[in-house]
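J.:
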Amino acid sequence: MDWKLLATTFATIFVAELGDKTQLACVLTAADSRKPWIVFAGSSLALVATSLLGVIFAEFICNFVSPDIIKKVAAVAFVVMGVLIYFDKL
433 MDWKLLATTF ATIFVAELGD KTQLACVLTA ADSRKPWIVF AGSSLALVAT
483 SLLGVIFAEF ICNFVSPDII KKVAAVAFVV MGVLIYFDKL
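Numbering (our numbering), first residue to last: 433 to 522.
(1) State the start and end residues of the unbroken alpha helix (DSSP H) segment that holds residue 458.
(2) Are the beta-carbon atoms of residue 462 and residue 471 separated by less than 9 Å?
(3) Terminal residues of the continuous alpha helix (DSSP H) containing residue 475?
(4) Would you decide whether residue 458 is buried or exposed? Buried here means 16 or more other CB atoms lie within 10 Å of its CB.
(5) Within the same chain, show all residues whose beta-carbon is closer than 8 Å to that of residue 465, passing over the 5 residues directly before and after it, in chain order.
This is how it looks when you write it as C-alpha cells:
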C-alpha cells in the first residue's frame with residue numbers, strides 16, 4: 433500500500449472539507465434531527481460515493497488527457513468560479 437499517497441489524499445480532502453457548506457449542512461441536520469450517527473452515516477456514504485465518481489471519471493479521462501492539462505483546467509476553473517463569486521454572479 434502507498435501510505436504516503438493515502439495520507440496525502442486524506443489530509444487534502446480533510447482540510448478541503450473543513451468548514452465548507454457540506455460540513456455546515458451536517459451540523460444543521462444533526463442538530464435538527466438529534467440523530468447524529470444517522471447523519472454521520474449518510475454524509476459519509478455521500479462523500480464516499482462522490483469520491484468514487486471522481487476517481488472513476490479521473491481514471492477514464494486520464495486515458496485521453498494528460499494529468500498536467502487536467503490540473504491546469506481545474507486551476508482555471510477555480511479562478512473563474514472565484515471571480516464569479518467575488519462579483520456575485522454565482
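Ideal Cβ placement from N, Cα and C applies to all residues, glycine included.
T.: Per the coordinate set shown:
(1) 453-465
(2) yes
(3) Looking at the DSSP string, the run of the alpha helix (DSSP H) that includes residue 475 is 468-493.
(4) buried
(5) 471
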